[in-house]
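**Q** First the structure, then my questions, so here it is.
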Amino acid sequence: MKKIYAGVFFVIAVACASASAQIFKLPTIGPKPSPTPRASPTNAPQPPINHGSNGSMGTAQTPQGSEKPLLLATTLDIRCDTEARYWKMPGESSYTSWIPMVKFRVVYTGAEKLRLMAEYSTPDGKPWFSETLKLNKADSVEKTMEMITDRVGPRFEGKSTIATGLFGVKIVDSKDGSVLFQGKFKVGKFKYGPNIPMFKNQNDFFVDQDWNLPVGYVWLDWKDKNAPPPTVSMWLKGETRLDDLEARLFYNGTQILTTDDMGAVSSKEARYPNSLENKETHRWELFNFEWYKFKYAATPQGRNMFKQARFMNESDGEYTVRVFHKGIQIREASFTVSGGMFADNGVAKNSGFNDTKVFIPVKIMGDKDKWSSATWKTDAFYGNALKGFTWP
69 MKKIYAGVFF
79 VIAVACASAS
89 AQIFKLPTIG
99 PKPSPTPRAS
109 PTNAPQPPIN
119 HGSNGSMGTA
129 QTPQGSEKPL
139 LLATTLDIRC
149 DTEARYWKMP
159 GESSYTSWIP
169 MVKFRVVYTG
179 AEKLRLMAEY
189 STPDGKPWFS
199 ETLKLNKADS
209 VEKTMEMITD
219 RVGPRFEGKS
229 TIATGLFGVK
239 IVDSKDGSVL
249 FQGKFKVGKF
259 KYGPNIPMFK
269 NQNDFFVDQD
279 WNLPVGYVWL
289 DWKDKNAPPP
299 TVSMWLKGET
309 RLDDLEARLF
319 YNGTQILTTD
329 DMGAVSSKEA
339 RYPNSLENKE
349 THRWELFNFE
359 WYKFKYAATP
369 QGRNMFKQAR
379 FMNESDGEYT
389 VRVFHKGIQI
399 REASFTVSGG
409 MFADNGVAKN
419 SGFNDTKVFI
429 PVKIMGDKDK
439 WSSATWKTDA
449 FYGNALKGFT
459 WP
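Written as structure tokens, this is what we have:
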């Protein structure tokens with residue numbers, strides 16, 4: 069009887085094993101394969117914030133304040149304020165004359181109110197007149213205050229002139245007599261309006277700004293304190309639409325970004341005479357170019373906010389910016405990132421400027437700009453020659 073039960077159990081066991089093999093498709097048992105070696109995880113440290121690819125630490129700092137006003141030469145705008153009358157010819161109509169006006173920014177975080185003045189001199193070196201400047205606006209991020217000419221009252225009476233040439237300017241702190249800036253500005257004129265005898269003395273006066281064109285800047289825009297964008301600034305002459313401009317960024321010879329894709333072109337400022345009839349020859353405009361995928365990781369938060377970005381402080385190398393107007397290249401400039409920061413060529417410091425931007429030469433291409441290529445050597449920053457600056 070026991071043999072019968074044993075035989076039945078054996079048959080059931082074989083059947084179950086066969087069914088199990090069909091359901092789960094058990095593989096044929098063969099030799100055990102040798103395990104594939106796996107690489108052990110490395111414990112190499114991740115590069116910290118502000119760590120350049122060459123192993124040195126970045127040193128970028130947010131703008132610092134100053135208890136004493138420090139004039140930023142790159143912001144100084146001197147222009148002619150033209151009026152359709154001349155105090156020496158009260159009976160003449162459409163007889164234009166001009167008087168200077170200034171605008172600039174100073175780094176200042178002191179508690180006392182600023183008391184700055186502009187002193188002007190004529191081409192023969194004689195004193196002309198002085199005026200008190202007023203505060204226009206303050207920038208808490210840049211730690212700056214913008215000072216401007218106060219265009220009120222009888223400014224023209226007894227002061228305006230019809231002369232052209234090289235005039236002098238001095239910006240002075242009236243509290244202690246210290247000179248913040250001193251230079252010369254070149255004034256020219258052009259006729260505008262109908263070409264008839266009645267308007268024979270109707271001219272517009274302007275300060276020549278051609279010297280700006282070969283000088284560009286590269287800097288960090290701290291409007292975003294966590295991940296400021298590296299920004300390149302260049303001057304163009306004439307009237308230019310933002311939509312017509314494109315800036316392509318190259319890294320070690322290879323294009324990596326364009327403002328047409330996740331980038332921005334913005335107009336920073338413009339300098340021009342009162343009349344806008346000669347925009348091609350008497351209008352200068354400063355443009356900023358930046359790329360949203362090119363950042364400086366100033367904080368861990370900034371790094372996390374832009375995970376797809378290339379961080380300047382981890383990308384040492386040679387950069388080139390090529391600017392196109394309606395598809396035609398009109399500008400080119402280069403800069404170097406070393407140790408996670410802009411390589412400073414020392415131009416600003418050696419020239420006695422307080423600006424923290426790095427000055428870079430700009431190659432002017434094409435025929436869009438009608439300008440004098442020699443003026444930057446003598447007229448740059450109103451007679452304050454750049455030291456160590458080489459223009460291509």
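In this text, residue positions in the sequence shown follow the working numbering: the first is 69, and each later residue adds one. Heads up, the beta-carbon is just placed ideally off N, CA and C, and yes, glycines get one too. Owing to the predicted nature of the structure, the values given are computational and were not obtained by experimental measurement.
Whole angstroms are fine: how far does the CA of residue 198 sit from the CA of residue 187?
**A** The straight-line gap from Cα to Cα measures roughly 4 Å.
**Q** Determine the burial state of residue 247: buried for a count of at least 16 other Cβ atoms within 10 Å of its Cβ, exposed for fewer.
**A** Exposed: under 16 other Cβ atoms inside 10 Å.
**Q** Terminal residues of the continuous alpha helix (DSSP H) containing residue 418?
**A** 415-418
**Q** Does the structure place the stretch 347-362 close enough to the stretch 303-318 that three or more beta carbon pairs sit under 8 Å?
**A** yes
**Q** For a test of the three-state rule: what should DSSP assign to residue 266, helix, strand or coil?
**A** helix
**Q** Along the alpha helix (DSSP H) that carries residue 348, what are the first and last residues, could you check?
**A** 347-350
**Q** What is the rounded straight-line gap between the Cα of residue 356 and the Cα of residue 316?
**A** 13 Å
**Q** State the Cα-Cα distance for the pair residue 241 and residue 166, rounded to the nearest angstrom.
**A** 25 Å
**Q** Are residue 272 and residue 130 close, meaning C-beta to C-beta below 7 Å?
**A** With a cutoff of 7 Å on beta-carbon distance, residue 272 and residue 130 are scored as not near each other.
**Q** Quick one: grab the DSSP three-state call for residue 157.
**A** coil
**Q** Give the secondary structure of residue 442 by DSSP, where H, G and I count as helix, E and B as strand, and everything else as coil.
**A** In this structure, residue 442 counts as coil in the three-state DSSP scheme.
**Q** Counting only runs that start and end within the stretch 352-430, where is the beta strand (DSSP E) found for 3 or more residues in a row?
**A** 352-359, 385-393 and 396-406
**Q** Closest to residue 448 by CA distance: which of 208, 289, 144 and 183 is it?
**A** 144
**Q** Report all residues from its chain with a CB closer than 6 Å to the CB of residue 452; omit the five preceding and five following residues, and keep chain order.
**A** Close CB contacts of residue 452 within its chain, under the 6 Å cut and outside five residues either way in sequence, are with 251 (chain order).
**Q** Would you mind stating whether residue 217 and residue 169 have Cβ atoms separated by less than 7 Å?
**A** Taking a C-beta distance under 7 Å as the contact criterion, residue 217 and residue 169 qualify as a contact pair.
**Q** Hey, residue 455 and residue 418: beta-carbon distance below 7 Å or not?
**A** yes
**Q** Between the Cα of residue 318 and the Cα atoms of 312, 141 and 327, which residue gives the shortest distance?
**A** 327
**Q** Taking residue 429 as the reference, which of 332, 134 and 279 has the closest Cα?
**A** The candidate whose alpha carbon is nearest that of residue 429 is 279.
**Q** If you measure between the beta carbons of residue 249 and residue 239, is that distance less than 7 Å?
**A** Taking C-beta atoms as the reference points, residue 249 and residue 239 count as a pair closer than 7 Å.
**Q** Rounded to whole angstroms, how far is the Cβ of residue 237 from the Cβ of residue 255, which I believe are closer than 8 Å?
**A** Rounded to the nearest angstrom, the Cβ distance from residue 237 to residue 255 is 11 Å, too far for a contact under 8 Å.
**Q** Quick check: the stretch 362-371 against the stretch 287-297, are at least 3 beta-carbon pairs closer than 8 Å?
**A** Per the Cβ contact rule, the stretch 287-297 is in contact with the stretch 362-371 (3 or more Cβ pairs under 8 Å).
**Q** Can you tell me where the beta strand (DSSP E) with residue 185 in it begins and where it stops?
**A** 184-189
**Q** Cβ atoms of residue 297 and residue 382: under 7 Å apart, would you say?
**A** no
**Q** Does residue 97 pass the burial test, meaning 16 or more other C-beta atoms within 10 Å, or should it be called exposed?
**A** Because residue 97 carries a pLDDT of 41, less than 50, the predicted location of this residue cannot be relied on, and the following value inherits that uncertainty. Residue 97 should be labelled exposed.
**Q** Secondary structure at residue 478, three-state DSSP: helix, strand or coil?
**A** Outside the shown range of the chain (69 to 460) lies residue 478, about which nothing can therefore be said.
**Q** Give the DSSP-derived three-state secondary structure of residue 61 in the structure shown.
**A** This structure gives no information on residue 61, because the portion of the chain shown stretches from 69 to 460.
**Q** Buried or exposed, going by whether 16 or more other CB atoms sit within 10 Å of the CB of residue 220?
**A** exposed
**Q** Could you tell me which residues DSSP pairs with residue 243 in its beta bridges?
**A** Note: residue 243 sits in no beta bridge, so no partner.
**Q** Could you tell me the alpha carbon to alpha carbon distance between residue 213 and residue 264, rounded to whole angstroms?
**A** 45 Å
**Q** If you draw a straight line from the C-alpha of residue 123 to the C-alpha of residue 408, how long is it?
**A** Residue confidence is low: residue 123 scores 33 on pLDDT, short of 50, so the model does not pin down where it sits. Its coordinate-derived value is still stated next. Approximately 9 Å between the Cα atoms of the pair.
**Q** Given this structure, state the Cα-to-Cα distance separating residue 209 from residue 269, to the nearest angstrom.
**A** 46 Å
**Q** Do residue 261 and residue 401 count as a contact pair if the criterion is CB distance below 7 Å?
**A** The answer is no: Cβ separation not under 7 Å.
**Q** Can you give the Cα-Cα distance for residue 140 and residue 159, rounded to whole angstroms?
**A** The alpha-carbon atoms of residue 140 and residue 159 are separated by roughly 43 Å.
**Q** Based on the DSSP output, what are the partners of residue 317 in its beta bridges?
**A** Partner(s): 325 and 389.
**Q** Taking residue 441 as the reference, give the member of 282, 179 and 411 with the closest Cα.
**A** 282
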